[in-house]
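Protein chains in written order, with the working numbering: chain A, 278 to 574; chain B, 76 to 360. Report on one structure; see the data block that follows.
Laid out in structure tokens, this is it:
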């Protein structure tokens, strides 16, 4: 079927279908991106006029704001401890469940359910109780004669309760691993067994190399999302990032600057620094992928 | 004992592995079970028992929690959450299916560039746009309404679902479109009568994920809904926290359970679609 080429291509009606998205893309995404880039070089509080400040916001962030540095450190710790642990548990359990154990679907559901609820306010509230001074965790420790502290109230441990909450949600990457494991042909394992490969070498020579694309995908997704974690830290510290800023996540501090103190220029600068960090670290991950991710299947 | 692939397994190893998996499952689920059981306990017992069972169970926590905070019933928060989630679902299906149809089955100018732009927005951190969006919605007088939460969905800003539907629509045979064209259908009719009905599985996945994400969303609700009559369930729960005292823990846990029930029901009935959404993009089909 021959059709006349028009200014908009073969099917100009496509633009009609795209119209809602195009309007949204321009007004709710593109213009705000450019505005926030502009605002990051200004100071603005919704009331008075926008004032051009050049690089002041960025200079202040990096040299003269210890709470910014603290929030960055807290977030990096959360990401670099939480994500590897979460992925490791996800892979381990997926391996264990993949071998077809009795009641597999029940276990899969039980391990997945925490991911379903994990990001909610309800679970963050629960966590406050579980790891509080008189919480369940200390009661259970008490059974073994160990005396716990208030894990939430102690600056040295508060962040770890949030990391535990993050790792607790390994069910979602686990489901992705399970789907990936099912695609590894069984003959590969049989051939390896005949050649005398033990369980250990089958895992490192077949399973891990075959799964690397999925490991990579999980790492990238978890990495990007955990940089932006907000709800659990906000609820558990009741919006303060405390005790003494030990759970002051980057996003929490950004929220405080932008929407409590109404320093919208500063918050925009923080947002762009966040984007820069996530983008550059993701780019590093992609570069490293050439070394360890096996794409020829 | 033999596994399906014929390797021998020692029974003791198999049993201890099973015990390990079962024990792990118990650790994982224990906090949730504890929350469920505690929500039916007397306030003084909530902090005294680490175990699940109690001598006495009561519905008082639910009754007291449902009364809500600051003379606002929990029913109000619940209703608001359902309104926001419902409208978000409609918006996402509308905008994302239209865009996905164009991207997957039509040829037009700048298609590749626009598609790439769409993919980039999936990964874009919300924080990069949130300040100007707040300023815009504030100028429009939309603060304290559901509009900032809902209107963007009607404009396709949750582009993950566009991607999901594009992936799905690409698998539908092209011959269907050609046959419909021969029968005299235009593009709009092909979308409405052929492609959309066949995309139902992807639409169900969209509905489920939109529901769960919107229901659990806290950050944007916190930004835009200050008036207590407009607040959703996540903000309502937070109000309980502010009146933090031991006597409040019972009602708070009870309402936490209530807030998770709709998500759990959706999960029970649509597990299969949920798995498809989780694995989309991660695993080659």
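Every residue, glycine too, gets a C-beta built ideally from N, C-alpha and C.
Does the beta carbon of residue 406 of chain A sit closer than 8 Å to a beta carbon anywhere in chain B? The sequence position of residue 406 of chain A within the first chain is 129, counting from 1. Cβ-Cβ to chain B under 8 Å: yes for residue 406 of chain A.
Hey, which unbroken runs of the alpha helix (DSSP H) at 4 residues or more fall wholly within the segment 297–366 of chain A? Note on the segment 297–366 of chain A: whole alpha helix (DSSP H) runs with a minimum of 4 residues are 308–316, 333–340, in chain order.
Distance, residue 124 of chain B Cα to residue 421 of chain A Cα: Counting from 1 along the first chain, the entry for residue 421 of chain A is found at position 144. Counting from 1 along the second chain, the entry for residue 124 of chain B is found at position 49. C-alpha separation (whole angstroms): 15 Å.
Is the CB of residue 184 of chain B under 8 Å away from at least one CB in chain A? In the second chain, counting from the first residue as 1, residue 184 of chain B sits at position 109. Yes, residue 184 of chain B lies at the interface with chain A (some Cβ there is under 8 Å from its Cβ).
For residue 38 of chain B, three-class secondary structure by DSSP: In the structure as shown, chain B begins at 76 and stops at 360. Residue 38 of chain B is therefore absent and cannot be evaluated.
List the residues of chain A that residue 313 of chain B touches, going by C-beta distances under 7 Å, in chain order. As a working mapping, residue 313 of chain B is identified with position 238 in the second chain. Those are 398, 512, listed as they occur along chain A.
Going by DSSP, name the residue or residues bridged to residue 196 of chain B. Taking the second chain and counting its residues from 1, one reaches residue 196 of chain B at position 121. Paired residue(s): none; residue 196 of chain B is not in a bridge.
Can you list the alpha helix (DSSP H) stretches of 4 or more residues lying completely in the segment 201–237 of chain B, in chain order? The segment 201–237 of chain B contains these whole alpha helix (DSSP H) runs: 202–214, 222–229.
Short CB-CB distance (under 8 Å) between residue 339 of chain A and chain B: In the first chain, the residue the question calls residue 339 of chain A occupies position 62. No, no contact with chain B.
Anyone know if the C-beta pair for residue 438 of chain A and residue 408 of chain A falls short of 8 Å? Looking up residue 438 of chain A in the first chain gives position 161. Looking up residue 408 of chain A in the first chain gives position 131. Against a cut-off of 8 Å, the Cβ pair of residue 408 of chain A and residue 438 of chain A comes out as a contact.
Contact between the segment 344–356 of chain B and the segment 280–287 of chain B is defined here as three or more beta-carbon pairs at a separation below 8 Å; is this criterion met? Verdict: yes, contact present.
Look at the alpha carbon of residue 501 of chain A and the alpha carbon of residue 258 of chain B, and state the distance between them as a whole number of angstroms. Residue numbering aside, residue 501 of chain A sits at position 224 when the first chain is read from its first letter. Residue numbering aside, residue 258 of chain B sits at position 183 when the second chain is read from its first letter. Distance between the alpha carbons of residue 501 of chain A and residue 258 of chain B: 47 Å.
Contact list for residue 452 of chain A against chain B, beta-carbon separation under 9 Å: Position 175 of the first chain, counting from 1, holds the residue named residue 452 of chain A. What residue 452 of chain A touches in chain B: 349, 350, 353, 354.
Mind listing the chain A neighbours of residue 87 of chain B? Cutoff is C-beta to C-beta under 9 Å, in chain order. In the second chain, counting from the first residue as 1, residue 87 of chain B sits at position 12. Result: empty, since nearest Cβ-Cβ is about 15 Å, beyond 9 Å.
Given this structure, state the Cα-to-Cα distance separating residue 399 of chain A from residue 391 of chain A, to the nearest angstrom. Numbered from its first residue, the first chain carries residue 399 of chain A at position 122. Numbered from its first residue, the first chain carries residue 391 of chain A at position 114. The straight-line gap from Cα to Cα measures roughly 12 Å.
At least 3 beta-carbon pairs within less than 8 Å: the segment 502–518 of chain A vs the segment 288–298 of chain A: Fewer than three pairs of CB atoms, one per stretch, sit closer than 8 Å, so the segment 502–518 of chain A makes no contact with the segment 288–298 of chain A.
Are there three or more Cβ pairs, one per stretch, closer than 8 Å when the segment 352–366 of chain A is compared with the segment 439–457 of chain A? The segment 352–366 of chain A vs the segment 439–457 of chain A: in contact.
In angstroms with no decimal places, state the Cα-to-Cα distance between residue 542 of chain A and residue 322 of chain A. Your numbering for residue 542 of chain A matches position 265 in the first chain. Your numbering for residue 322 of chain A matches position 45 in the first chain. Their backbone Cα atoms lie some 8 Å apart in a straight line.
Could you give the uninterrupted runs of the alpha helix (DSSP H) lying entirely in the segment 270–346 of chain B, keeping only those of 4 residues or more? Taking only runs of at least 4 residues, the alpha helix (DSSP H) segments lying wholly in the segment 270–346 of chain B are 275–291, 294–299, 308–317.
Residue burial classification, residue 171 of chain B (beta-carbon count within 10 angstroms, cutoff 16): Start at 1 with the first residue of the second chain, and residue 171 of chain B comes out as number 96. It is buried - the Cβ of residue 171 of chain B has at least 16 other Cβ atoms within 10 Å.
With 7 Å as the limit, tell me which residues of the segment 536–567 of chain A have their beta carbon closer than that to any beta carbon of chain B; keep them in chain order. Hits within the stretch, in order: 536, 541, 544, 545, 548, 549, 551, 552, 555.
So with Cβ pairs under 8 Å, would you call residue 486 of chain A a contact of chain B? Indexing the first chain from 1 puts residue 486 of chain A at position 209. No, residue 486 of chain A lies away from the interface with chain B (no Cβ there is under 8 Å from its Cβ).
According to the Cβ coordinates, are residue 314 of chain A and residue 200 of chain B closer than 8 Å? In the first chain, counting from the first residue as 1, residue 314 of chain A sits at position 37. In the second chain, counting from the first residue as 1, residue 200 of chain B sits at position 125. At a Cβ-Cβ threshold of 8 Å, residue 314 of chain A and residue 200 of chain B do not count as neighbours.
How about the segment 248–262 of chain B and the segment 186–196 of chain B: do they share at least three Cβ pairs that are nearer than 8 Å? Too few Cβ pairs lie closer than 8 Å, so no.
Close Cβ partners of residue 141 of chain B (< 6 Å) along its chain, the five nearest in sequence each way excluded: By one-based count along the second chain, residue 141 of chain B stands at place 66. Taken in chain order, the residues that qualify are 149.
Report the neighbours of residue 232 of chain B on chain A: residues whose CB is nearer than 7 Å to its CB, in chain order. As a first step, residue 232 of chain B is located in the second chain; it is residue number 157 there, counting from the start. Neighbours of residue 232 of chain B in chain A, taken as residues at a C-beta separation under 7 Å, are given in chain order as 301, 305, 306.
Counting only Cβ pairs nearer than 7 Å, list the residues of chain B close to residue 575 of chain A. The question about residue 575 of chain A has no answer here: the residues shown for chain A are numbered 278 through 574.
Indicate the three-state DSSP secondary structure (helix, strand or coil) for residue 144 of chain B in the structure shown. On the second chain, position 69 is the one that residue 144 of chain B refers to. In this structure, residue 144 of chain B counts as strand in the three-state DSSP scheme.
Following the continuous alpha helix (DSSP H) through residue 165 of chain B, name the residue where it begins and the one where it ends. Your numbering for residue 165 of chain B matches position 90 in the second chain. That run of the alpha helix (DSSP H) goes 149–180.
Examine the Cβ distances between the segment 222–229 of chain B and the segment 154–163 of chain B and report whether three or more of them are shorter than 8 Å. Flag = yes, the segment 222–229 of chain B and the segment 154–163 of chain B touch.
Identify the continuous alpha helix (DSSP H) that holds residue 549 of chain A and give its terminal residues. As a working mapping, residue 549 of chain A is identified with position 272 in the first chain. From DSSP, the alpha helix (DSSP H) with residue 549 of chain A extends over 541–569.
Proximity below 8 Å, CB of residue 528 of chain A to CB of residue 232 of chain B: On the first chain, position 251 is the one that residue 528 of chain A refers to. On the second chain, position 157 is the one that residue 232 of chain B refers to. By the CB criterion at 8 Å, residue 528 of chain A and residue 232 of chain B fall outside the cutoff.
Just to confirm before moving on: does the CB-CB distance between residue 360 of chain A and residue 499 of chain A stay below 8 Å? For the purposes of this step, residue 360 of chain A is identified with residue 83 of the first chain, where counting begins at 1. For the purposes of this step, residue 499 of chain A is identified with residue 222 of the first chain, where counting begins at 1. Yes, they are a contact pair.
In or out: residue 404 of chain A buried (at least 16 other Cβ within 10 Å) or exposed? Numbered from 1 along the first chain, position 127 holds the residue referred to as residue 404 of chain A. The residue is buried, with at least 16 neighbouring Cβ atoms inside 10 Å.
Residues of chain A with CB under 8 Å from residue 299 of chain B, in chain order? The sequence position of residue 299 of chain B within the second chain is 224, counting from 1. Within 8 Å Cβ-Cβ: nothing; residue 299 of chain B doesn't reach chain A, min ~10 Å.
For residue 95 of chain B and residue 250 of chain B, what's the separation of their Cα atoms in angstroms? Mapped onto the second chain, residue 95 of chain B falls at position 20. Mapped onto the second chain, residue 250 of chain B falls at position 175. Their Cα atoms are separated by approximately 52 Å.
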